[in-house]
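> Read in order, the letters of the sequence shown correspond to residues 939 to 1231 in this note's numbering. Structure below; questions to follow.
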Amino acid sequence: MSIVKLKHNDRNHWDNIRHLVSVIEMLNKTTNSQIHISSSGFATPFQVIPLACFLNLKKLSYQINDQQSDLASYLNTIKFPQGVNLRAVTIGSSGNYLPIGRIHGSKRQGEVRDENYKQIEDQYRELVLNCFPTVRDTLSNAIAFFLSELIENAKDHSEANNFYVFAQYWPLLKQIELCMMDDGIGLRGSLAKRYAQITSDEIAVREVIQRQLSVRISEFEALPGTGLANTIRIVSNNELSSTFTIISGNYGFSSVNKNSRWIDLKETSLPGTLINIRIVEPNSRLNIFDYIQ
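Shown next, in the form of C-alpha cells:
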C-alpha cells in the first residue's frame, strides 16, 4: 500500500514544495489501488487538491487507520476527494473549512460548460466572503479577482475534464489559502496551439511568468497574460505576506513575496495546472488596483 503523509511547515514554504513534489512522484509511480493517508500537523489545500485530483483521475481509493481522528473528520467535512456541487452547500455549515468545489465532465462544450464555470466562480466567492468575515473586510476584491481570472483561464484554455477549487482559513494565524487545479492539457498544451516555440512544460511556464505569454487574443481581454501576471503582482507586493505557486506538467514557479524559485519536477509531472495562493490578512483593506496593470 502506498502512503501519503499530509504535513505543512508554516515556517518554510520551500519545504512544503519539496514535500508536494515527493507526493506527486509517489502518486505517479504507484501501482496500488488504495492509498493510505496520514498526517503530521494540519493538512492544507496545497496538499489536498493534488491528492484528490490523482485519486479521482486514477480511480484510487484511500484509507485512514483511525476513522475518529481529526484527519478523518477534516476530509469528510471538505468532501474529499469527490468534491461537491456548490448549490448544495449551506453557508457557515463547515466553519473554517469550505468543501471542495468541483466541475466534473467539463469537456462538454458550449453554454453548459460556460455556465458551470461561472456558477462555481460565483458560488465559491460567496462562500469565501460569507464564511470568513475578516477576509471579506480586507481581501474581498483580491479574492474576487483571483477566482474570476484563474477560473476563466481554466474554462477557456485547459480543456479539462475536472476542475477543483478549495479554500481554507486559519483564524489563529489569520491566513487564507486558495487552491485551484484542473486535469487538462496544461500551459504547454494550451500555448503550443499558438506558439511554435512552446515545446516543453519548462518553456511554457517560463514564458508565462517572464514574458506574460498568453493565448488570449482579444483586445477586450487586455494584454497577454494579464490575469496571471496581475495575480502574481498582487500577491508579491510589500503590503502582503504571501506565497504563490503554479505547477503545470513537470515545471513550476513559486514565490514567497519577492523571493521566487523555479520548480523542476524532472521525471515526474502533475496533470493539468495547479495554482495555490496563501495570504496573511493585512491590517487594512488591500486595494488591488494599485497593482493591476
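All residues carry an ideal CB built from backbone N, CA and C; glycine is no exception.
Can you tell me where the beta strand (DSSP E) holding L1116 begins and where it ends?
Segment Q1113 to D1120, the beta strand (DSSP E) holding L1116.
> Where does R1126 land, buried or exposed, given buried means 16+ other C-beta within 10 angstroms?
Buried, by the Cβ-count rule.
> Please name the residue in S1007, Q1005 and A990 whose C-alpha comes closest to that of S999.
It is A990 whose Cα lies nearest to the Cα of S999.
> Would you call the segment 1210-1230 in contact with the segment 1105-1124, where contact means no fewer than 3 C-beta pairs closer than 8 Å?
Yes, the segment 1210-1230 is in contact with the segment 1105-1124.
> Which runs of the alpha helix (DSSP H) fall wholly inside the segment 1132-1209 and span at least 4 residues, in chain order?
Runs of the alpha helix (DSSP H) inside the segment 1132-1209: 1139-1149 and 1164-1173.
> Run through DSSP, which three-state label would Q1020 get?
In the structure shown, Q1020 sits in coil (DSSP, three-state: anything other than H, G, I, E or B).
> Taking DSSP's pairing of strands, which residues face K943 in a bridge?
In the DSSP output, where bridge partners are listed per residue, K943 has S976.
> Tell me, which residues are paired with R1216 by DSSP?
DSSP lists E1115 and T1181 as partners of R1216.
> Using a Cβ-Cβ cut-off of 7 Å (strictly less than) and excluding sequence neighbours within five positions of V1194, which residues of its own chain qualify?
Excluding sequence neighbours, V1194 sits near H951 and T1181.
> What first and last residue would you give for the alpha helix (DSSP H) that runs through S1128?
G1124 to L1129 is the extent of the alpha helix (DSSP H) around S1128.
> Which same chain residues, not among the five before or five after H946, have their C-beta less than 8 Å away from its C-beta?
Cβ neighbours of H946 beyond the five flanking positions: N954, G979, F980, A981, T982, F984 and Q985.
> Do you know how far the Cα of V1218 is from the Cα of S1179?
About 5 Å.
> Count the other C-beta atoms from every protein chain shown that fall within 10 angstroms of the C-beta of V1050, then say buried if there are 16 or more, exposed otherwise.
Counting Cβ neighbours within 10 Å, V1050 comes out exposed, since fewer than 16 surround it.
> Excluding the 5 residues flanking R1147 on each side, which residues of the same chain have their C-beta closer than 7 Å to its C-beta?
It is Ile, not Arg, that sits at residue 1147 in the sequence shown. Same-chain partners within the cutoff: F1191.
> Under 9 Å between the Cβ atoms of L1013 and I975?
Yes. Within cutoff.
> Going by C-alpha distance, which of V1143, I1081, G1039 and R1040 is nearest I1226?
Here the closest residue by C-alpha is I1081.
> Cutting at 6 Å between CB atoms, please list the residues of its own chain near L1161, excluding the five before and the five after it.
Residue placement at L1161 is poorly supported in this model, since its pLDDT is 40, which falls under 50; the coordinates still yield a value, given next. Counting only Cβ-Cβ distances below 6 Å, and skipping sequence neighbours, we find nothing.
> DSSP on T1211, reduced to helix/strand/coil?
Strand.
> What separation, rounded to the nearest whole angstrom, lies between the Cα atoms of I973 and P988?
Approximately 14 Å between the Cα atoms of the pair.
> Flag this pair as yes or no: are the beta carbons of I1172 and Y1229 separated by less than 9 Å?
Cβ atoms of I1172 and Y1229: closer than 9 Å.
> Is it true that the CB of D1120 sits closer than 9 Å to the CB of Y1189?
For Y1189 and D1120, no; Cβs fall outside 9 Å.
> First and last residue of the beta strand (DSSP E) that includes F1101?
Taken as a continuous stretch (DSSP letters only), the beta strand (DSSP E) holding F1101 covers N1100 to W1108.
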